[in-house]
Structures are given as C-alpha cells and as structure tokens.
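Going by the numbering used here, the sequence shown opens with residue 265, and the numbers climb by one from there.
For every residue, glycine included, the Cβ atom is placed at its ideal position computed from N, Cα and C.
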Amino acid sequence: MKKTIPVCVFLILIFFIISCERKEYTEEGIKEIVEEINVKLEKAVEVKFNWGSSEAYSIFRAFFSGDELIFINEAFTYRKPSESFNRYYFKDGNMLHLIIKKLDYSQDEETGRGKKEIIKIEFYSDPDENILFYDKTVNNERAALSDEETEVIFRHVNELKEIVNKREKIK
265 MKKTIPVCVF LILIFFIISC ERKEYTEEGI KEIVEEINVK LEKAVEVKFN WGSSEAYSIF
325 RAFFSGDELI FINEAFTYRK PSESFNRYYF KDGNMLHLII KKLDYSQDEE TGRGKKEIIK
385 IEFYSDPDEN ILFYDKTVNN ERAALSDEET EVIFRHVNEL KEIVNKREKI K
C-alpha cells in the first residue's frame, strides 16, 4: 500500500506534465501554435509548387520545418477576373489557421461600370475540420461564412497538401 501511493502520485504528475505541454485545439491554443509557426518560418525550407483546375490556378510556396509542412503561402488566380492571396498554417498535417484576402472584379449590370469587391476570411479550425472561430468581411462589412464556402476551402487545402505529399514521395 505504501508503494502504490508514490507510484500513483508519480503517474498523476507525469500525466499533468504531458497535458500541460500539449496545445489544446481551442482558439487560444491555436493562436499559440500559429505564433510558434511564425517563429519557425524564419528557418523553414521553402519549396515552390503550381496548382491548376478549369476554374483557377495558383502558385504556392510550402514551408517545412524538418519534414513537417507548417505553412503555405498561395497566390490564387480565378479564370474570371478575381484573385486571392491565401495563407495556411499547419500542425501535424492539419490546417489550423487560414487567412484569405480576395479581390473580385465584376461589372455592375445596371450601370455597366466595373466594381471591385474585397473579401477577407480568417478562421481557426481543429484537426477534424471544425471551424472554431471565423471572421469574414465583404467590403469591410461582416458576412456569414457558408458551409459550401468552408467545404470548398478544405477541399482546396487538401488538394494542395496532396501536391506537396506527392513531391515528398518523389524525393
């Protein structure tokens, strides 16, 4: 009995230490991870890639800390007059943070004049692709982020990761 108490205390202490080191997938925990990634970017290895579809194409740079993908910086151009600049933060192969700045050009149907729309999206997500917090503005006015938009974003991110992973297999 006397030996089991110190063993139990030791096991509880070990569990506590391990759980304190792990970053939780909360908004604050992910913000800490993003800050750590920003520090790692100074020494990260950068690799350039291209992506394309019938609707758009992009040039992106993937950044690695060791063998781990930690960041993607993307210049995304739509076939219609529109472009976006996207930043994706990764931890353990999962995107946790995203920043999109998109310029959308169109023609006003009534006046025939050109108009520009500025869309900004920023969100934090957990490894299961659940959005924990987001902020979306269209011309500086808050807007909702639809499920369809979210699905398109995660599908695109997974395509980028697939391109990066194929390149890693070629090495």
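query	result
Residue of I363, E412, N422, K355 minimising C-alpha distance to F387	I363
Selection from N302, I385, N394 that minimises the alpha carbon distance to N403	I385
Three-state secondary structure (DSSP) of T414	helix
Secondary structure of K355, DSSP reduced to three states	strand
K430 versus G378: straight-line alpha-carbon distance, rounded	41 Å
Same chain, Cβ closer than 7 Å to E319, five either side skipped, listed in chain order	Y342, R343
Within 8 Å, strictly: CB atoms of D390 and Y289	yes
Three-state class that DSSP yields for E285 in the structure shown	Note that E285 scores a pLDDT of 44, beneath 50, so its modelled location is shaky; the value from the coordinates is reported in the next line. Three-state DSSP puts E285 in a helix.
Within the region 305 to 363, ranges of the beta strand (DSSP E) (whole runs, at least 3 residues)	309 to 316, 320 to 329, 332 to 342, 346 to 355
Which listed residue (E338, E292, E296) has its alpha carbon closest to that of E310	E338
Backbone secondary structure at L396 - three-state DSSP	strand
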